[in-house]
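Sequential numbering from 19 applies to the sequence shown in the numbering used here. Quick reminder that beta carbons are idealized off the backbone N, C-alpha and C, glycines included.
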Amino acid sequence: MTHPTDTHPDPVRATAALHDPARLAALRRTGLLDAPRQDAFDRLTRLAADAIGAPVSLVSLVDEGRQFFTSALGLAEPVATARQTPLSHSLCRLVLGGEELVVADSREHPLVRDNPSITDFGVASYAGIPITLTGGETLGSLCVIDDVPREWTGDELAILRDLAAAAVTEAELRLALIEAHARARCDPMTGLLNHGAFHERLRDELDGAPDDGRELALILLDIDFFKSVNDRFGHLAGDAALIEVARRIDDRTRAGDVLARVGGEEFAWILPGTSRADAVAAAERARRAVAATPIEGIGTLTISAGVVDRHDAGDARRLYARADAALYAAKAGGRNRVVAGDEPTATAAEPVARPREEADEHTPPGTREHAAVTRLVAALVSSEGDVTAAARAVAEQAAWLARGTGATVMGHGAPLATWGDAAPHRPSHPLVVPVLTGDGVWGAIEVHGGPRPGDGPAPPRAALETLASLFALAVANDEGRVRLTEMADRDHLTGLPHHRAFQERLAEEVARARRHERRLALVVADLDNFSHVNHDHGHEAGDRVLIEVARRMSAAARPGDTVARLGGGQFAWVLPECDELTAWEAAEHLRVAIAGEPFPDVGHVTISSGVCDLASAEDAEQLHQRAGGALYWAKRHGRNSVFLYAPDVIDALTAEERIERLERQQALAGVRMIARVVDAKDPATRRHSERVAGLAVRLATVMGWAPARVALLHEAGLVHDVGKIGVPDAILFSAGRLTPGEFAVIREHAALGAKIVAEVLNTEQTAWVRSHHERHDGGGYPDGIAGDAIPEGARILALADSWDVMTVARHYSAPMTVADALAECRRESGLQFAPAVVAALEDLLAVAPSGLPGVPVAAGAGADGPPTR
Numbered sequence: 019m020t021h022p023t024d025t026h027p028d029p030v031r032a033t034a035a036l037h038d039p040a041r042l043a044a045l046r047r048t049g050l051l052d053a054p055r056q057d058a059f060d061r062l063t064r065l066a067a068d069a070i071g072a073p074v075s076l077v078s079l080v081d082e083g084r085q086f087f088t089s090a091l092g093l094a095e096p097v098a099t100a101r102q103t104p105l106s107h108s109l110c111r112l113v114l115g116g117e118e119l120v121v122a123d124s125r126e127h128p129l130v131r132d133n134p135s136i137t138d139f140g141v142a143s144y145a146g147i148p149i150t151l152t153g154g155e156t157l158g159s160l161c162v163i164d165d166v167p168r169e170w171t172g173d174e175l176a177i178l179r180d181l182a183a184a185a186v187t188e189a190e191l192r193l194a195l196i197e198a199h200a201r202a203r204c205d206p207m208t209g210l211l212n213h214g215a216f217h218e219r220l221r222d223e224l225d226g227a228p229d230d231g232r233e234l235a236l237i238l239l240d241i242d243f244f245k246s247v248n249d250r251f252g253h254l255a256g257d258a259a260l261i262e263v264a265r266r267i268d269d270r271t272r273a274g275d276v277l278a279r280v281g282g283e284e285f286a287w288i289l290p291g292t293s294r295a296d297a298v299a300a301a302e303r304a305r306r307a308v309a310a311t312p313i314e315g316i317g318t319l320t321i322s323a324g325v326v327d328r329h330d331a332g333d334a335r336r337l338y339a340r341a342d343a344a345l346y347a348a349k350a351g352g353r354n355r356v357v358a359g360d361e362p363t364a365t366a367a368e369p370v371a372r373p374r375e376e377a378d379e380h381t382p383p384g385t386r387e388h389a390a391v392t393r394l395v396a397a398l399v400s401s402e403g404d405v406t407a408a409a410r411a412v413a414e415q416a417a418w419l420a421r422g423t424g425a426t427v428m429g430h431g432a433p434l435a436t437w438g439d440a441a442p443h444r445p446s447h448p449l450v451v452p453v454l455t456g457d458g459v460w461g462a463i464e465v466h467g468g469p470r471p472g473d474g475p476a477p478p479r480a481a482l483e484t485l486a487s488l489f490a491l492a493v494a495n496d497e498g499r500v501r502l503t504e505m506a507d508r509d510h511l512t513g514l515p516h517h518r519a520f521q522e523r524l525a526e527e528v529a530r531a532r533r534h535e536r537r538l539a540l541v542v543a544d545l546d547n548f549s550h551v552n553h554d555h556g557h558e559a560g561d562r563v564l565i566e567v568a569r570r571m572s573a574a575a576r577p578g579d580t581v582a583r584l585g586g587g588q589f590a591w592v593l594p595e596c597d598e599l600t601a602w603e604a605a606e607h608l609r610v611a612i613a614g615e616p617f618p619d620v621g622h623v624t625i626s627s628g629v630c631d632l633a634s635a636e637d638a639e640q641l642h643q644r645a646g647g648a649l650y651w652a653k654r655h656g657r658n659s660v661f662l663y664a665p666d667v668i669d670a671l672t673a674e675e676r677i678e679r680l681e682r683q684q685a686l687a688g689v690r691m692i693a694r695v696v697d698a699k700d701p702a703t704r705r706h707s708e709r710v711a712g713l714a715v716r717l718a719t720v721m722g723w724a725p726a727r728v729a730l731l732h733e734a735g736l737v738h739d740v741g742k743i744g745v746p747d748a749i750l751f752s753a754g755r756l757t758p759g760e761f762a763v764i765r766e767h768a769a770l771g772a773k774i775v776a777e778v779l780n781t782e783q784t785a786w787v788r789s790h791h792e793r794h795d796g797g798g799y800p801d802g803i804a805g806d807a808i809p810e811g812a813r814i815l816a817l818a819d820s821w822d823v824m825t826v827a828r829h830y831s832a833p834m835t836v837a838d839a840l841a842e843c844r845r846e847s848g849l850q851f852a853p854a855v856v857a858a859l860e861d862l863l864a865v866a867p868s869g870l871p872g873v874p875v876a877a878g879a880g881a882d883g884p885p886t887r
């Protein structure tokens, strides 16, 4: 027997896709295999079962050897608990080529009649829609199954396709979020793990490898004299050098190793299953690789490395501190060398645990103090304003002076530098000396492992205070230089870089992005009607607004971004490693942050922004001009908005850029599914919303609406009746005349629908949904408004909705002819319907006097090329 709805996907194509590495990789990246049930997919299977009336509904993901149900409704045990079957029982595998599989009677369909699921699970009929990502990878299917043969209708398959599209959106949203999370863990310059991700991984490695004999080593590496590279060749050349050094080190790592850039020119390398001796050999190979070949435009660079293994410390913090001390020993020993954590040296680096019987134990206190101060002064001079290097010297001299096993210099509550064993295994009460600057307590010097009472001379606290004072002077000088430099480049009011500093920074970032083929975006923002703030509230209030806007912008920016004030109420935001759509999302979040919270003494203030990325500009000047042009467009089109510079409509988004739009699309798809379920409850109303939306599009086009607003009306039309989900079926499908109480329930659906769509559609669209049952004469509901007070979109939807009621058979009435329906509309023109909308309907029917073929149509276009007015 032939079944007209049966489909026959190509099994060869499906089998090839089953083993496609790209498809399998995409499937695994979703993280859905073997994951707990997901509410988003459970909603889809419930909607499918309810709307189609099928006993079983599944979201099935097809792996190489099985199908896994990320959502399942109606399965019998034991499959319901196992949530998977072997491929031998899978019909869903046949959709992997991207083609639908529709089976009215599984015992007769040539592709599935021998499948054991027919006898084992009672699969009598099946309809499966592929879940295919935009990249072409089919993960599996959204399917419904019945235990009796059935012909699947076109409307049922249409509902299933919409639900499968929602499943695709949900899967891509997961992938985009996973990718965004991965990027947040990476250093954008080198592609290595960043500081936070490294420390998380180090803790995981130590927790996952308890001290049972298994080895683990840690190497810290630092580029020697890197400050001079930036000073002599510029930061762009320095960036190129960092990337090249990272590559050379990374080439020496093994599978399973972890390499990270932990800050500045410093790298960290975790080597699981590696002894200290082998780690030293690995660090030597990396050191030789870096020094072997000059870097173009710079010359030869060298690195120093400190090596420790997991037996050196009990936790990640101590292990890292030991590695840092070993690295410092390598630096102090002449650089371009590798030092292991317990390796004594004959250079400036002290042993980690200095024996008490050494000769310097008996150095007279005054001589010892003098030596420590002299060495520290020399170190401070050679540090050339590098506070971290100065802190390391302070820690070394403090430990030596106080006869401790180690010392730590703290700055603003965080460890700045450590020397020796700053966390001794025996109980120790550290000697703490504060570091005082003009702003108060800047930090402290902590000396550990000093002599016990009675073991020797008391720690020379006065001498340590001298070291602290010298270091405080270095800190104050450094902070003063920084302040002077910043003040020269800063706007005096907001503290942000001013226009000239912004231009210099933008030129640097553009050059860097070009050199390394990186992305770069620019946001130019301007406060709306800022002159009114100054006029109405005074310039002092205006200044406070500018300061607060600068604060909110700075809070929205990422580390590495540049936020500047260009003048007046205009600001700029440079976003490295960012394209225009990600920048648009950031600017949109800023817009909400500015508009969402009132400003003291002024009230609500809004901001408009223009966004452009370097892909759309030749140089820094053109990038600034085009972002400014987009800002001008935002100002011209209502303010309080963000516009992209784009000569053409952008329809291709990367994973990270899709996140916000996918969330809205997913939410809208969910509302559309509810509307489809409402329509599908009665055969007479199936596809009602699509027909109403299609006719509304045609009417709006005739009335001269712009394509963008026509598309918005189409979205609203598709969900205009969603509020009927709250109307009991007994009332909705009553064959008799409704009682006053029942009619009151019906009248609530428009307002309920507006509440449902308010989180998905914009304010204007929500008003169209709320008011689509208002009458031109004021006799409608829910608000009883009349004439031009009714939003124009609602007037159009009102006529489109009534036209469908009149011309499509219902359980309570036969359909009218086109002529009779048009006559009724003419009679109600100025009463129920807006005259302008009735006139547009007459224009449409003049082109197609027999009716309106092709409804529903795509948003923004009419099938018959209707006239416009």
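Take GLY560, set aside five residues on each side of it, and the residues of its chain with a beta-carbon closer than 6 Å to its own are VAL551, ASN552, in chain order. Buried is the label assigned to GLU155, since at least 16 other Cβ atoms lie within 10 Å of its Cβ. Measuring C-alpha to C-alpha distances from TYR346 to each of HIS127, ALA259, VAL325 identifies VAL325 as the nearest.
For secondary structure counted as the alpha helix (DSSP H) over 4 or more consecutive residues, the region 552-576 holds these complete runs in sequence order: 557-574. For ASP637, same chain residues with a beta-carbon under 8 Å away, outside a window of 5 residues either side, are VAL528 in chain order.
Here PRO27 is near LEU112, since their CB atoms are less than 8 Å apart. Looking from the CA of PRO800, the closest CA among ALA409, PRO29, ARG788 belongs to ARG788. A residue is called buried once 16 or more other Cβ atoms fall within 10 Å of its Cβ, and ARG279 is buried on that count.
Taken in chain order, the complete beta strand (DSSP E) segments of 3 or more residues contained in the region 573-598 are 580-585, 588-594. Take the alpha-carbon of HIS555 and the one of ALA543: they are about 22 Å apart.
Beta-carbon to beta-carbon, ASP242 and ARG353 are separated by about 4 Å, close enough to satisfy the 8 Å threshold.
Counting along the chain, CYS161 sits inside the beta strand (DSSP E) bounded by residues 156-164. With a beta-carbon spacing of about 6 Å, PRO478 and GLU387 fall inside the 8 Å limit used to define contacts.
The secondary-structure analysis by DSSP pairs THR426 across a beta bridge with THR436, GLU464. As computed with DSSP, THR455 is found in a beta bridge with GLY458.
The residue among GLU218, ALA590, VAL493, GLY256 with its C-alpha nearest the C-alpha of ALA407 is VAL493. Check the Cα spacing between ALA304 and each of ILE321, LYS773, PRO515: the tightest is with ILE321. When rounded, the separation of the alpha-carbon atoms in VAL629 and ALA189 is 29 Å.
Between LEU76 and ALA90 the beta-carbon gap is near 5 Å, inside 8 Å, which marks them as a contact. HIS706 counts as buried, since at least 16 other C-beta atoms from the protein chains shown sit within 10 angstroms of its C-beta. When C-alpha distances from TRP418 are compared across ASP439, GLY116, LEU434, the shortest belongs to ASP439. Taking each of PRO515, GLY456, PRO469 in turn and checking the Cα distance to ALA490, the smallest one comes out for GLY456. Assignment of TYR346 by DSSP, reduced to helix, strand and coil, places it in the helix class. In the DSSP assignment, ARG279 falls within the unbroken beta strand (DSSP E) covering 276-281.
With respect to PHE59, VAL97 sits apart: the two C-beta atoms are not nearer than 8 Å.
Looking only at ARG266, THR835, GLY621, the smallest Cα-Cα distance to THR311 is reached by ARG266. Under the 8 Å Cβ criterion, the region 514-530 does not count as touching the region 613-626, having fewer than three qualifying pairs. Assigned with DSSP and collapsed to three states, PHE243 falls in coil, not helix or strand.
Looking at the DSSP output, THR150 shares a beta bridge with THR156. Separation of GLU218 and ALA350 (C-alpha to C-alpha, rounded to the nearest whole angstrom) is 29 Å.
In the DSSP annotation of this structure, THR757 is not part of any beta strand (DSSP E), being labelled neither H nor E. Across the structure, ALA864 and LEU840 are spaced so that their CA atoms are roughly 11 Å apart.
GLY324 sits in a strand when the DSSP states are folded into three classes. Pairwise C-beta distances place the region 509-516 out of contact with the region 419-432, as fewer than three of them are shorter than 8 Å. Of the residues assessed, LEU277 falls on the buried side of the cut-off, its CB having 16 or more other CB atoms within 10 angstroms. In this chain, VAL298 is not harboured by any beta strand (DSSP E); it is covered by the alpha helix (DSSP H) spanning 294-310.
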